[in-house]
Each structure stands twice: as C-alpha cells, then as structure tokens.
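One structure below.
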Amino acid sequence: MSAIDVAVLDHDAHGIPAADYAEILARRLPDREVRLAATLDEHERYLREATVVAGKYIHADEVAAAESLRLFACNSAGVDHLPLDALAERGVAVTNASGVHGPNIAEHVLGWVLTFARRLDEGRRRQRRREWRRFQSFTELAGSTVTVVGLGAIGEAVVERFAGFDVETVGVRHTVAKGGPTDEVVGYDDLPDVLPGTDVLVLACPLTETTEGLIGEAELDALPTDAVVVNVARGGVIDTPALVDALRSNTLHGAALDVTDPEPLPSDHDLWGFENVFLTPHVAGHTPRYWERRADVLVENLERVAETGDYDGLRNQVA
Numbered sequence: 001m002s003a004i005d006v007a008v009l010d011h012d013a014h015g016i017p018a019a020d021y022a023e024i025l026a027r028r029l030p031d032r033e034v035r036l037a038a039t040l041d042e043h044e045r046y047l048r049e050a051t052v053v054a055g056k057y058i059h060a061d062e063v064a065a066a067e068s069l070r071l072f073a074c075n076s077a078g079v080d081h082l083p084l085d086a087l088a089e090r091g092v093a094v095t096n097a098s099g100v101h102g103p104n105i106a107e108h109v110l111g112w113v114l115t116f117a118r119r120l121d122e123g124r125r126r127q128r129r130r131e132w133r134r135f136q137s138f139t140e141l142a143g144s145t146v147t148v149v150g151l152g153a154i155g156e157a158v159v160e161r162f163a164g165f166d167v168e169t170v171g172v173r174h175t176v177a178k179g180g181p182t183d184e185v186v187g188y189d190d191l192p193d194v195l196p197g198t199d200v201l202v203l204a205c206p207l208t209e210t211t212e213g214l215i216g217e218a219e220l221d222a223l224p225t226d227a228v229v230v231n232v233a234r235g236g237v238i239d240t241p242a243l244v245d246a247l248r249s250n251t252l253h254g255a256a257l258d259v260t261d262p263e264p265l266p267s268d269h270d271l272w273g274f275e276n277v278f279l280t281p282h283v284a285g286h287t288p289r290y291w292e293r294r295a296d297v298l299v300e301n302l303e304r305v306a307e308t309g310d311y312d313g314l315r316n317q318v319a
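Residue 204 in full-length UniProt numbering sits at position 204 of the sequence shown, and the numbers go up by one each step.
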C-alpha cells in the first residue's frame, strides 16, 4: 500500500475549500492516510504516491506520473473535461458527483415556484417600501401540472419535492422504458405534446446535441400564457432571444434562471430588466453539505474496494 491512500487536490467546490473535504475524509477514514495537496510540491508528490485522488480535474501527463493511482473521484457530475483515454489506459476507475446536488437544487426550484405562486417577491417589494397593503396571490400549485425535463438525480429530486403539493407530474427522458417517479413519462420527441398542458416547466437535463436549444420559439409558444419556466440545467437548453421575446410579449408568466446563455449574464442584458424573471448566478448547486455528500460516495466506494479488492462496480462509476 502506498504511503498516501487518498490525496485531495486543492480544488474548491462552489467556493467551499477543499481543505474541508480533506478534513471530513480524514475523520471518516481513520485507518487511511488522507492528505490535502495544498502546495505545488505536495500536488506532484501526492499524485505519484496516492491510490485514490479526489479533485475537479487531472491532466494526462499527471495520470502518466501517478504510479499508484487506482481511482480518480471527480468532484463534478460531468467528466468530459477529464483525460478519460489516459485514465483507461492506466486502468484507473473514475467516479463522478452525480446525485450530490439533487436535494439543494430541488429546493432552489421549489423556492422559485412557490415565489411565483404566492407572489412572495411582491411581498418583499412592499416590505422594502414599508407598505402594509394587501395583494392577491397568482395561483395555487394544487391541481397544476409540472413537467420536468431530465430525470437524473436532480430531476427526480425535484419531482419528489413536488409530491406533497397535489400536482400532476410529467417526466421527459431519452429512454421512456426506464420510467420514473412522475405520473407520466414521455420521450423528447413527445415534449411538444405535453407543453400545452404544462403549468411549470423545469429543465434539469444535461446540455447535449438533443437538448441544446430545446426550448425555443415554438416550445415557448406552446406553453400556456400563465406558465413558468425554470432552468437549472444549462443556459444553452433555452433559446435566450426567444425567451426574451416571449417575456416581452407577455406570452409567458415568468422565468427563473440559475443558468443563462450567455453566462455570466452581461449587465446590460435584457433579462435583467424583467420583474417576472428571477436570476441567480449559477449557485443552485451550492450546499454546506456538499463535501459530506461527496464523502458519502467515496467512503462507500473504499469500503467496497476493501471488501472485494476490485475497483469496479463502484457507486457513480463512469469509467
């Protein structure tokens, strides 16, 4: 066994320092040597020695020099930025952070939708003006239809949190046969058919050739005029000029966007000027429990390796 079991690269996540991750792992893995690669020298040395490396990225030349590496535990859900061929040639297993963001992003979505329904933003505006004057809510969620595009960990968490609101749910995914927690599951080709009956459209899918520009002029026109669009996927899933046009022409009740195209959103962009657009700067993924959830995955996998001696069939394994 190498001198260092787990090397944590000094890559923060959502502004939370990697030192916190190293501390959590050291506490939960008392029989293993866990080190934070905080300096360039430590980075190079620990990569050579560690059996497991946890970080946001690793370069191909670093993989070649990582003599003892058996597992790279990536801190992000996406792994397209990794040198997967180089890792495969060395027989290094790769896991990702799929599922870690589900609870917090789902709460972000629910917060926005409730704000629209109960017009909590108007309440805040009147509070700032110290104005005690009643206003009417927009709607109730009960009886409405929520369509969630993408039934991965985030999409499923969104659906679960709507379960107590007496809504109908429709899930959109590539493989309809996989089913899901929604009342109905349809494929991407059937999305136009469900949009006219959708009150809340939640986008929680990856950005792919299929989903890029998925919600454009035709799709926005198909939605009811009192519908709300929520995007926690990627900005490119929505045709931004088409969204601006729909908002400007009042053919959409509102939009809530944690991601935009372009991103970051320029200060002079039209989206900033709409009171019925809620914007957050790609922060839905933040949670103070992020490293604990990452640790859950890694600790479980190391326990499995200890039992089987094999770096295969791991939780969240993608390569």
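Glycine is no exception: its CB is placed at the ideal position from the N, C-alpha and C atoms.
Note that this is a predicted model, so its numbers are computed, not measured.
Simplified DSSP assignment, three categories, for residue i
{"i": "T115", "result": "helix"}
{"i": "G285", "result": "coil"}
{"i": "N316", "result": "coil"}
{"i": "A18", "result": "helix"}
{"i": "I24", "result": "helix"}
{"i": "A77", "result": "coil"}
{"i": "I4", "result": "coil"}
{"i": "E247", "result": "Per the sequence shown, residue 247 should be read as Leu rather than Glu. In this structure, L247 counts as helix in the three-state DSSP scheme."}
{"i": "L265", "result": "coil"}
{"i": "N104", "result": "helix"}
{"i": "F278", "result": "strand"}
{"i": "A13", "result": "strand"}
{"i": "R234", "result": "coil"}
{"i": "L141", "result": "coil"}
{"i": "residue 390", "result": "The chain is shown from 1 up to 319; residue 390 falls before or after that span and cannot be answered."}
Per DSSP, the bridge partner or partners of residue i
{"i": "E184", "result": "V170"}
{"i": "T240", "result": "Partner(s): none; T240 has no beta bridge."}
{"i": "V94", "result": "F72"}
{"i": "V229", "result": "L201 and A255"}
CB of residue i within 7 Å of CB of residue j, strictly
{"i": "A117", "j": "L87", "result": "no"}
{"i": "F72", "j": "V53", "result": "yes"}
{"i": "R35", "j": "Y21", "result": "no"}
{"i": "residue 320", "j": "G150", "result": "Given that the chain is displayed from residue 1 to residue 319, the structure contains no residue 320 and the question cannot be resolved."}
{"i": "A38", "j": "D5", "result": "no"}
{"i": "P181", "j": "V158", "result": "no"}
{"i": "L271", "j": "V229", "result": "no"}
{"i": "T175", "j": "Q317", "result": "no"}
{"i": "V232", "j": "V109", "result": "yes"}
{"i": "L214", "j": "V237", "result": "yes"}
{"i": "A311", "j": "R70", "result": "Note that residue 311 is Tyr in the sequence shown, not Ala. It is a contact, given that the beta carbons lie within the stated cut-off."}
{"i": "G155", "j": "V148", "result": "yes"}
{"i": "H286", "j": "H14", "result": "yes"}
{"i": "A227", "j": "D199", "result": "yes"}
{"i": "residue 331", "j": "R315", "result": "Nothing can be reported for residue 331, as the shown portion of the chain is limited to 1 through 319."}
{"i": "Q132", "j": "F278", "result": "The residue asked about is misnamed: residue 132 is Trp in this sequence, not Gln. No."}
{"i": "V172", "j": "G179", "result": "no"}
Continuous alpha helix (DSSP H) stretch holding residue i: start and end
{"i": "A60", "result": "A60 to A65"}
{"i": "A153", "result": "A153 to F162"}
{"i": "V308", "result": "The residue asked about is misnamed: residue 308 is Thr in this sequence, not Val. From DSSP, the alpha helix (DSSP H) with T308 extends over Y290 to T308."}
{"i": "L201", "result": "It is not in any alpha helix (DSSP H) - L201 instead sits in the beta strand (DSSP E) that spans V200 to L203."}
{"i": "L87", "result": "L84 to E89"}
{"i": "E131", "result": "Run containing E131: none; DSSP gives neither H nor E here."}
Residue i versus residue j - alpha carbon distance
{"i": "I16", "j": "A255", "result": "28 Å"}
{"i": "D268", "j": "A60", "result": "40 Å"}
{"i": "L223", "j": "V167", "result": "17 Å"}
{"i": "R234", "j": "D261", "result": "8 Å"}
{"i": "A306", "j": "E49", "result": "19 Å"}
{"i": "E62", "j": "V8", "result": "14 Å"}
{"i": "E89", "j": "T308", "result": "22 Å"}
{"i": "A177", "j": "F162", "result": "23 Å"}
{"i": "M1", "j": "D12", "result": "Caution applies to M1, whose pLDDT of 41 falls short of 50 and renders its modelled position unreliable; the value that the coordinates give is listed next. Roughly 28 Å between the two C-alpha positions."}
{"i": "R32", "j": "G152", "result": "32 Å"}
{"i": "N301", "j": "G313", "result": "9 Å"}
{"i": "residue 321", "j": "F165", "result": "The chain is shown only over 1 to 319; residue 321 falls outside these bounds and no answer can be derived."}
{"i": "G123", "j": "G273", "result": "19 Å"}
{"i": "E42", "j": "Q136", "result": "60 Å"}
{"i": "R294", "j": "N75", "result": "7 Å"}
{"i": "L40", "j": "N250", "result": "54 Å"}
{"i": "R130", "j": "L120", "result": "15 Å"}
{"i": "A77", "j": "R134", "result": "44 Å"}
{"i": "E209", "j": "H282", "result": "22 Å"}
{"i": "D80", "j": "P196", "result": "35 Å"}
{"i": "E212", "j": "A106", "result": "22 Å"}
Segment limits, beta strand (DSSP E) that includes residue i
{"i": "R35", "result": "V34 to A37"}
{"i": "V194", "result": "V194 -> not in any beta strand (DSSP E); alpha helix (DSSP H) instead, spanning L191 to V194."}
{"i": "L257", "result": "G254 to L257"}
{"i": "G55", "result": "V52 to G55"}
{"i": "A218", "result": "Taken as a continuous stretch (DSSP letters only), A218 belongs to no beta strand (DSSP E), being part of the alpha helix (DSSP H) at E217 to A222."}
{"i": "L47", "result": "Segment L40 to E49 is the alpha helix (DSSP H) holding L47; no beta strand (DSSP E) there."}
{"i": "V149", "result": "T145 to V149"}
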